[in-house]
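Adding 125 to a residue's 1-based position in the sequence shown gives its number in this note's numbering. Heads up, the beta-carbon is just placed ideally off N, CA and C, and yes, glycines get one too.
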Amino acid sequence: MVTFQDASGQRWVAGAREEDTPRHHGRWYMILHPESDPQNVLALPEVRWQTRATAERTLETMSVFELRRRLDIARRRAAPA
Numbered sequence: 126m127v128t129f130q131d132a133s134g135q136r137w138v139a140g141a142r143e144e145d146t147p148r149h150h151g152r153w154y155m156i157l158h159p160e161s162d163p164q165n166v167l168a169l170p171e172v173r174w175q176t177r178a179t180a181e182r183t184l185e186t187m188s189v190f191e192l193r194r195r196l197d198i199a200r201r202r203a204a205p206a
């Protein structure tokens, strides 16, 4: 898991969650949540990895710019229409 700040200074955690599926490939997908509220999860199911180790390695190398971009996408998707 990686912790970062959004543009307003709020701290977020980027991590990976395993999907319960018989599929072998792409079982792990990206999640984001406020550091102070781990139950408020925003999922990005289009960002997938085959293993937890790959997910962790990828997240650790993501730039803050990329993490903020993914957060913005997830927030817009979760916003009521």
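Nearest-angstrom Cα separation, counted from residue j out to residue i
i	j	result
A206	Q175	33 angstroms
T151	R201	Checking the sequence shown, residue 151 turns out to be Gly, not Thr. So the alpha carbons of these two residues sit roughly 24 angstroms apart.
A168	I198	10 angstroms
T128	A139	6 angstroms
H149	E185	23 angstroms
P170	S161	22 angstroms
For residue i, three-class secondary structure by DSSP
i	result
E143	strand
E171	strand
V189	helix
Proximal residues to residue i (C-beta, below 6 angstroms), its chain only, five neighbours per side dropped
i	result
P163	none
Same chain, Cβ closer than 8 angstroms to residue i, neighbours up to 5 away in sequence not counted
i	result
R177	A141, E143, W153
V172	Y154, M155, R195
Residues that DSSP places opposite residue i in a beta bridge
i	result
P159	W137
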